[in-house]
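J.:
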Amino acid sequence: MHVVGVDVGGTNTDAVLLRIDSDQSPKVVATAKTVTSADVFSGMLHVVRQVINDMEIAAIMVGTTHFVNALLQRQGLAKVCTLRLCGPATHAIPPMTNWPQDLKDAVNGLTAFVSGGFFLDGSIITPLDEDKIRSLVRRALTLDISSFCVCGVFSPCQKDQEERVAEIIHEESSTAYITLSHEIAGLGLSERENASILNASLRPLAIRTIRALQGNLPRRIPLFLTKNDGTLLSAEDSMRWPVFTFASGPTNSMIGAAYLSGIDNGIVIDVGGTSMDIGFIVNGRPRQTQANVRLIDDIRVNVSVPDIVSLPLGGGTIIHVNENDGSIRVGPNSVGYRLDQAALAFGGQTITATDIALAAGLTSGIGHSTVKLSSSIVEQVLDYIKQSTTRNIDRVKTNEESVPVILCGGGSILMDINQAFAGVTEIIRPAHYAVCNAIGAALCSISATIDSIVDLLPSSIDGGDQRKNLVAAVGFMGAPTVSHELLPNGYECLLAVNAVEKYLLKNISAIYTGEIGGSNGLMGLLVAASKQVPCIDADGVGRAFPRLDQTLALIQGCCPTPACLCDVRGETVMCTDATISTAQQLEDTFREECTKRGLFTGVCLPPITGEELKKYVFPYSLSRAWFLGEAKFNHRSDAIQAVARAGHGRVLVSDGKVISVERHTTAGFARGHLTIEIVGRNLVIDFQNENLIARFDDGEILATVPDLITLVEQDSAEPVSTETIKYGYRVSVLVLPAPEAMTTPRALETVGIKAFGYDLPNYEYIPSHAPINSVWDVFYKKDIDV
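FYI, the numbering for the sequence shown is 1 to 786, going by full-length UniProt numbering.
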């Protein structure tokens, strides 16, 4: 049996003919290469015809960047009607939030929140309003929109509503293109919806392209496209789900490298004209990740892609030489497809990485001009390549064991295979390394996916604060893992405050946030703006904690009533002095009600007087958050250190990789631990909704609550929450000191590490305090003084 593998890249299109017999390993029979054509399929057909001759071909497997390039170039995209089935929930974060405006303009045809959606336990948020949905579908059709995206809350658990909406759309238009989010990804509403909208916008283009390929293939050979995970999509499925092909290029390279080298477990380095991809193969297949995936323009999605590190280093990378001191800078820009015009080897004036490889004697026979460069320049570039490669090889490894490295791609000539690399047993550049992508495409296999989603017990999102007279604290309560799917409608906390006012027959004069951590950090501002009352620059915890009774006012004995809980339907539960008498009872009652109501609720905690406000809250919490954000955004080249300085904290880990995450739910909380690999040892962090303790795997304790242990993305200092952290994240770990009021002996009984069940007889918590400035004092008063 013969099959053809094709890789359609941005510059070149490669094809290979493989012979596959049941009793032998696949054998490369022929290869071909051509420049990628603008219409994609004519160039592909050219190389296919070159390799097949008169052979009988069982199938053609194609890996292509065509669809992701369409998004990058904003070309060929269809307008999409997005129907989110959510009832009153999730309205606070509409579809396509944080998309680039030009891409949103190109894709967004019509967006609507409609009835429907489920809670985690399978109960319905609201029934489908089929008449309203049918009306919206008809409106979209009158606007010449034929691509629809249907995304329901918790649809990966319950797909019935999405499928019924698809039936309604087909009843109105039998030719409509429909993407159902439960067919695209798992839990994580915004990420799943993003991927589904991208898919819907590409479906007409996918249909046109694939049908054109099918219509022009010799002898109607069966056509398959390769997926991100190294398996195959039929032509029909490719027309339904083009989003699954976005990252197939690196995947195909790794599969091809494993086959050509005969190595099933190791590192693959794929070097092209502009970039180097470094990934890990396990049993001959690329290791996958869903951690922090951004397929296009920083849009977060939760589809599976190969876990790779990409560097701006390829054969066309430009080498910049400082004429004054002879120092060099490598990239990040590249001549790309203009290599045969710009490089010294082709008579051009630009020093490229390919010229360095020629001058160093790593390759020959490229170009028509002799490359002469000083040994100093050549040595500096080769040293940079070695150091960059070594550092990033270590990033993709999950332990210290040495592993083999397989080189592939035309740009792999930059690597000296005779050099020794730390942590590497051997470096292999196999035969046919330049067409690994196409070989990998031909070797992709059939697959099926079964997702299993299990019940979660309650855990807390965030907490709140105190008693009534003038000022009330607000916040969300529930399970962080649920909030990733069941987004707020934006009114839960506001309705809870209104209910407390009605009970007391007195208006709330001001609002503050129950805790400054997580999404609750903004709730005081949102509710205060809605009620047109002041928002106090303060919070009740000084950070985030899992339980309501861990707010300072309740720790200090303030009255735990009245307090109100409100779910996404607008239904409320009031705790009064007739029903509870302690802060622990308030926590227990609201947690039980929260569990019944889908593990996502808004809370108004017992209002407090102005005098109590001065004693039992943490002033300038919003200002502190603002200064941390200001440091992050204004010091992008040194964001990690800048955030640590702004928070008067310290960097515990500057460069780490999450190598395991374990979660379980007990006693109503999301508990677990994660392990971060750093140089020489591992750091383990235990969490209960919030990070509790950081210690080395030998037991040495580095930090505990009430100090804030926070994980941030390595490059951007973007915070990473306990509910979203996954294997593969590259993180830094910061420790910011707790407010002084949370470090007193009485407070530590409730919020110290012992309060979370840890018995650490040899550990003593030593607080460190730092002043917190007010934005008002720093900016407004300064302007007045001037």
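The beta carbon of each residue, even a glycine, is placed where N, CA and C say it ideally should be.
How would you label Met-96, buried or exposed, when you count the other beta carbons within 10 angstroms and need 16 or more for buried?
T.: Within the sequence shown, the letter at position 96 stands for residue 96. Buried is the call here.
J.: Could you pull the start and end residues of the beta strand (DSSP E) that Phe-600 belongs to?
T.: As a first step, residue 600 must be located in the sequence shown, where it is residue number 600. Its beta strand (DSSP E) spans residues 600-604.
J.: Is Ser-621 closer than 8 Å to Asp-707 when the C-beta atoms are compared?
T.: Within the sequence shown, numbered from 1, the residue matching residue 707 stands at position 707. Within the sequence shown, numbered from 1, the residue matching residue 621 stands at position 621. It is not a contact, given that the beta carbons lie outside the stated cut-off.
J.: Going by the C-beta, is Asn-689 closer than 7 Å to any heavy atom of the ligand NAD?
T.: Of the ligands one can find in the structure shown there are none, so the ligand NAD has no counterpart to examine.
J.: Kindly confirm or deny that the stretch 165-176 and the stretch 136-153 touch, where touching means at least three C-beta pairs closer than 8 Å.
T.: These segments touch.
J.: Between the C-alpha atoms of Glu-592 and Phe-154, what's the straight-line distance to the nearest angstrom?
T.: As a working note, residue 592 is residue 592 in the sequence shown. As a working note, residue 154 is residue 154 in the sequence shown. Using only the alpha carbons, I get a separation of about 21 Å.
J.: Please classify Ile-772: does DSSP put it in a helix, a strand, or coil?
T.: In the sequence shown, the residue the question calls residue 772 occupies position 772. In the structure shown, Ile-772 sits in coil (DSSP, three-state: anything other than H, G, I, E or B).
J.: Would you identify the three-state DSSP class for Cys-493, choosing helix, strand or coil?
T.: Counted from its first residue, the sequence shown places residue 493 at position 493. In this structure, Cys-493 counts as helix in the three-state DSSP scheme.
J.: Chain D beta carbons: is any one of them nearer than 8 Å to that of Pro-94?
T.: No chain D appears in the structure shown, which is made up of a single protein chain.
J.: Between which two residues does the alpha helix (DSSP H) holding Asp-394 run?
T.: Start at 1 with the first residue of the sequence shown, and residue 394 comes out as number 394. Where Asp-394 is concerned, the enclosing alpha helix (DSSP H) stretches over 375-396.
J.: From Leu-72, Phe-224, Glu-740, pick the residue whose C-alpha is nearest to that of Thr-209; which is it?
T.: As a first step, residue 209 must be located in the sequence shown, where it is residue number 209. Ranking the options by Cα distance to Thr-209, first place goes to Phe-224.
J.: If you count every other CB in all the chains shown that lies within 10 Å of the CB of Lys-502, and 16 or more means buried, which is it?
T.: The residue given as residue 502 occupies position 502 in the sequence shown. Under this definition Lys-502 is an exposed residue.
J.: Cutting at 6 Å between CB atoms, please list the residues of its own chain near Asn-336, excluding the five before and the five after it.
T.: The residue given as residue 336 occupies position 336 in the sequence shown. Reading the sequence as shown, one finds Gly at residue 336 and not Asn. The answer, listed in chain order, is Gly-273, Thr-274, Gly-316.
J.: Run the CB neighbour count on Lys-397, radius 10 Å, all protein chains shown included, and call it buried at 16 or more, exposed below.
T.: For this step, residue 397 is matched to residue 397 along the sequence shown. Buried: at least 16 other Cβ atoms inside 10 Å.
J.: Counting pairs of Cβ atoms below 8 Å between the stretch 290-309 and the stretch 432-442, do you hit three or more?
T.: Touching, no, given that fewer than three Cβ pairs across the two stretches are closer than 8 Å.
J.: List the endpoints of the continuous alpha helix (DSSP H) containing Cys-436.
T.: Sequence index remark: in the sequence shown, residue 436 carries index 436 (1-based). Cys-436 -> alpha helix (DSSP H) spans 436-442.
J.: To the nearest angstrom, how far is the alpha carbon of Tyr-491 from that of Leu-470?
T.: Within the sequence shown, the letter at position 491 stands for residue 491. Within the sequence shown, the letter at position 470 stands for residue 470. Answer to the nearest angstrom: the Cα atoms are 21 Å apart.
J.: Any idea if Trp-776 is buried or exposed, counting beta-carbon neighbours within 10 angstroms, 16 or more meaning buried?
T.: What you label residue 776 is simply residue 776 of the sequence shown in a count that begins at 1. Exposed, by the Cβ-count rule.
J.: Cα separation between residue 790 and Gly-752?
T.: Since the first and last residues shown for the chain are 1 and 786, residue 790 lies out of range.
J.: Tell me whether Leu-232 sits in a helix, a strand or coil according to DSSP, three-state version.
T.: Stepping through the sequence shown from its first residue, residue 232 is reached at position 232. The answer is strand: DSSP assigns Leu-232 an E or B state.
J.: Use the C-beta contact count for Gln-374: other C-beta atoms within 10 angstroms, 16 or more gives buried, fewer gives exposed.
T.: The residue labelled residue 374 in the question sits at position 374 within the sequence shown. It is worth fixing the name first, because residue 374 is Ser in this sequence and not Gln. Label assigned to Ser-374: exposed.
J.: Does Ser-483 come out as helix, strand or coil in the three-state DSSP assignment?
T.: For the purposes of this step, residue 483 is taken as the residue at position 483 of the sequence shown. In this structure, Ser-483 counts as helix in the three-state DSSP scheme.
J.: Alpha carbons only, please: which of Ile-417, Cys-604, Thr-572 is nearest the one belonging to Ala-473?
T.: Walking along the sequence shown from the start, residue 473 turns up at place 473. Considering only alpha carbons, the answer is Cys-604.
J.: My output table needs one value for His-2: the three-state DSSP class, helix, strand or coil.
T.: The residue you call residue 2 lines up with position 2 of the sequence shown. Three-state result, His-2: strand.
J.: What are the start and end residues of each continuous alpha helix (DSSP H) run of 4 or more residues lying completely inside the stretch 637-689, in chain order?
T.: List check, alpha helix (DSSP H) in window: 639-646.
J.: Run through DSSP, which three-state label would Ala-32 get?
T.: For this step, residue 32 is matched to residue 32 along the sequence shown. It is a strand residue.
J.: Answer yes if the stretch 341-351 comes into contact with the stretch 364-384, meaning at least three C-beta pairs across the two stretches below 8 Å, and no otherwise.
T.: In short, these stretches touch, since the Cβ pair count reaches three.
J.: The alpha helix (DSSP H) that contains Ser-196, what's its start and end?
T.: Sequence index remark: in the sequence shown, residue 196 carries index 196 (1-based). Residues 189-216.
J.: Name the DSSP beta bridge partners of Phe-118, please?
T.: To locate residue 118, count along the sequence shown from 1; it is residue 118. Ile-124, per the DSSP bridge assignment.
J.: Here's a check: name, in chain order, each residue in its chain whose Cβ is nearer than 8 Å to the Cβ of Glu-587, leaving out the five neighbours to either side.
T.: Within the sequence shown, residue 587 is the residue found at index 587, counting from 1. Contacts found: Arg-547, Leu-548, Asp-549.
J.: I'd like to check one pair, Leu-233 with Phe-67: are the Cβ atoms closer than 8 Å?
T.: Residue 67 sits at position 67 when you count from the first residue of the sequence shown. Residue 233 sits at position 233 when you count from the first residue of the sequence shown. Cβ atoms of Phe-67 and Leu-233: not closer than 8 Å.
J.: Could you work out which residue in Val-107, Lys-33, Cys-493 is closest to Ser-530 when comparing CA atoms only?
T.: In the sequence shown, counting from the first residue as 1, residue 530 sits at position 530. Of the listed residues, the one whose Cα sits closest to Ser-530 is Cys-493.
J.: Buried or exposed for Ala-420, going by 16 or more other Cβ atoms inside 10 Å?
T.: Position 420 of the sequence shown holds residue 420. Under this definition Ala-420 is an exposed residue.
J.: Under the rule that 16 or more other beta-carbon atoms within 10 Å means buried, what is Phe-633, buried or exposed?
T.: On the sequence shown, position 633 is the one that residue 633 refers to. Counting Cβ neighbours within 10 Å, Phe-633 comes out exposed, since fewer than 16 surround it.
J.: Are the CB atoms of Arg-84 and Phe-113 nearer to each other than 8 Å?
T.: Residue mapping note: residue 84 aligns to position 84 of the sequence shown, counting from 1. Residue mapping note: residue 113 aligns to position 113 of the sequence shown, counting from 1. A contact, by the Cβ cut-off of 8 Å.
J.: Could you tell me the distance, in whole angstroms, from the CA atom of Arg-300 to the CA atom of Leu-486?
T.: For the purposes of this step, residue 300 is identified with residue 300 of the sequence shown, where counting begins at 1. For the purposes of this step, residue 486 is identified with residue 486 of the sequence shown, where counting begins at 1. So the alpha carbons of these two residues sit roughly 17 Å apart.
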